[in-house]
Each structure stands twice: as C-alpha cells, then as structure tokens.
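Data first, discussion second: the structure below is written as structure tokens.
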Amino acid sequence: MRQSALPAPELTGCPAPGPPRPPPRRERPNGPRSVPVTPDFEVYATARTARPGEPHGLSALTEISRTAEANGVTGLLAFYHHHNPDPWLVASTLLGATDRLVPLIATQPYALPPFTAAQMIHTLTVLHGRRVDLNLITGATGAELRQVGETLDATERYARAAEYAHVVRRLLSEEGPITFAGTHYRFEGLRMNTPLALALRPRVFLAGSSPAALATAREAADVAVTHPEPVDRFAADYARALAGGPRIGIRVGIVARPTAAEAWTVAREAYRETRASRLATALRRTSGSDWSRRLAALAIDGDVYDDVYWTGAYRADKGTLPLLVGAYADVAGYLARYRAAGVRVLVLGNTSTAEDFGHVAAVLAELRRD
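Below, the structure is given as structure tokens:
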C-alpha cells in the first residue's frame, strides 16, 4: 500500500464568512493543566451535549471542551444515538473551540457510508490541521436497529465494521482510486482525493466485548474499548483475549474524594435506585449487547465489587458504565490494576465540570506515583 507523504495542511487567504467564534479562552485561575496524563495512560472524556429544549447548548459544549483541554485531556468522545446531536457537527464545534483536543467521533456504519466518513475526516483535518479519531459502533440499542430496518445480526455488523475501517483507512492513505470487493461494501475505482499525512490519520476505536467484537478489534482496531467488568474478571477474559493486539481502553466513571466516606455519600446521592430502575436492569439481562448483559448480571448479583467497582449507575438506570468510587488513593490503586492488565486508554463518562476534572486529577496524580 502506498503511504502518503503529504505535509500537514496549511490554509491561506481570508477566512470564509461564518458565525462568530466563541469568546477567547481564559486561563484557569489555578495555573496550567491539572490532569496529569501518565505516560502509559491516555485520558478521554465525554462531550455532553444539550438535548432539544435545553438552553445554551453551544456554550455548554464550548465550556466542557475548553475545560477538558485546560486539564490536559487527550480528547472528547462525541456520542451517536438517534436522540443525540450529530457527532460530526459536535466534533467541528470541539475543534473550533480548542487548540489541541482530539474529537473521538462515534460512527455507526448504517448511518454513514465509509467514503463519506473519509471525506468528512479529511475535511475536518484540512480545516483545522489536527487529527480526529473514529469510534466505530455496531448498535447496542435494539430499538434503533429496528427503526432503520437493520437486518444484520451482531456478528455480521462487526464484519461490516471491519470492512468499513479498511475502506476508510485506504481512502485516507492512498492517492489513487481504490477498488474493494467485500461482503458489505463494493467499490470500483473509487476516487475521493482524501489522503492525509500519517500523523493526521485517525485512530480507529472499536467498542464491544463479544467474541465477534474481540475478533474484529484484533483485525481492524487501533484501540479496543469496553465497559469493563471487575478487574480480575476483566484481566482473565477481555484483556487476555486481546493480548498482543490493539491498545485496550475502558470506559468508566469516577466518583472520588479525599476519603472513601465522602465519595460514597456523593455517589449514592447521585444514583438512587427505584422500582422502575430495578426492572430496567432486569430487562437488560436479555439485551442484544454483550456488555449490557454482563453488567446487568453484575448489577443484579451485587452492587459493590472489590470495595471500589460499583454498578450503581446501571442499577439506577442513569448510565451503562461502571463507576469507580472511593478515596483518591483507592480509585488510583484500582486503575493501576487495570493498567497492569493491559489498559492504556481511559474514556471517562461522568466528567464534565471543573470540579469533576479536579477530582480526576487527584486520582491520576496518585496513579502516576503508583
């Protein structure tokens, strides 16, 4: 495969007219970045976007992106669901509001052809001179799959995702037309004029924990991401299956305070169970998503594992990710065990304010000293 040697793009001339940029960034009063990204641990957070009817969606997204960047976070995940704002437009906003932040764009193959994704990646990269990353998803919500008439089963959707990643990579690395004959995509002499320099090409993340997801991650992903089980199960199952393969990432939330008692008070206040939430948890045991079934089983069998791992968000029907709860040192110690199992990328799910990032910073400072 011919590798492009194109330099990083430069823009010249007058900027095109458009909406005014957000106000200039203000320096944080407490000095430089406060989240200490450890050499072997990249940290992404999640871009919470306003739902229809909520005020100030743009200002809120701008604020979280600038807060994340000021705290040294690598990037922000932009979700894809039918009810979420379009992740590509969210990514464009993140790039326009920050200087270094890397959008991690959730991409559903049924919603966007791979050549269009390559064109959009190329456009964002040329306009901003920065990399964006791709988070390939296959559909954890059965209702959304039914709404669009998706007929592929989970294994077939992962096979399609592998082809998708292959096509996108070729379009972003080869200068000439491409021909591809797969099960799900066929192209003859497709020319998009979208090659990028190696340093600007996206990393492909793949979400999932099923055997099909693991096989696809080994074939097509740069980073494999899951909602992890407690660390010993995770090490024996998911991490072992990917040994020698792509980098491993986990998506968790962190509720940490100076003492464990403070952290648990905050966590239990934020995630209260109800009869309806317990019923929702029970129903997820039959979910089409492997990780939803696994976490539902954990949530039903118990709520706290290893004194730190908590299924409270799941049990309260306020999220599908596990929470790590405790004193800064306790949470850092648990993350160190995930790191020892091979985790190199951390995707945070409940970090959106300066206070949230401050508590995460304290945990990662402990982890760095570990």
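Taking my numbering, the leading residue of the sequence shown gets 35, the next gets one more, and so forth.
From the three backbone atoms N, C-alpha and C, an ideal C-beta is built for every residue, glycine too.
Annotation: P280 to F268 spans about 16 Å, alpha carbon to alpha carbon. When the five nearest sequence neighbours on each side are left out, the beta carbons in the same chain lying within less than 6 Å of the beta carbon of E178 are those of H116, in order along the chain.
Rounded to whole angstroms, the separation of the alpha carbons of L168 and L355 is 20 Å. The beta-bridge partner set that DSSP reports for W344 consists of V338, L357.
The criterion of a C-beta distance shorter than 8 Å is satisfied by R312 and R349. The C-beta separation of I155 from A112 comes to about 13 Å, leaving the pair out of contact by the 8 Å criterion. When beta bridges are read from the DSSP output, Y78 appears opposite G109, V381. In this structure, DSSP gives P292 a state outside helix and strand, which the three-state scheme calls coil.
Per the C-alpha coordinates, the member of V238, L248, L234 positioned closest to V201 is V238. Counting along the chain, V160 sits inside the alpha helix (DSSP H) bounded by residues 148-162.
For the pair Y368 and D340, the CB atoms are nearer than the 8 Å cut-off. A277 sits in coil when the DSSP states are folded into three classes, being neither helix nor strand. Our two residues, D120 and Y114, have alpha carbons roughly 7 Å apart in a direct line. Note that the segment 145-159 does not touch the segment 256-273; fewer than 3 beta-carbon pairs, one per stretch, sit closer than 8 Å. Within the same chain, Cβ atoms closer than 6 Å to the Cβ of V377 are found at I282, I284, the five residues on either side in sequence being excluded.
DSSP places P121 in no beta strand (DSSP E) but in the uninterrupted alpha helix (DSSP H) bounded by 121-131. G223: member of the beta strand (DSSP E) spanning 220-224, first to last residue. For I212, the enclosing beta strand (DSSP E) covers residues 212-215. Bridge partners of F239 according to DSSP: N169, V257. Within the DSSP bridge table, the entry for A140 names N169 as partners.
DSSP, reduced to helix, strand and coil, places G183 outside both helices and strands of the structure shown, so it counts as coil. Our two residues, G346 and A196, have alpha carbons roughly 33 Å apart in a direct line.
Under DSSP, G287 takes part in a beta bridge, and its partners are L357.
Below 8 Å, enough C-beta pairs join the segment 94-109 and the segment 76-84 to call them touching: three or more. Around the beta carbon of N227, a 10 Å sphere encloses fewer than 16 other beta carbons of the protein chains shown; the residue is thus reported as exposed. One Cα belongs to L332, the other to E263, and the distance between them is close to 8 Å. Using a Cβ distance threshold of 8 Å, A199 and A273 do not count as a contacting pair. When only Cα atoms are considered, P143 and E400 end up about 39 Å apart. Judged by DSSP secondary structure, D266 falls within the alpha helix (DSSP H) whose first and last residues are 265-268.
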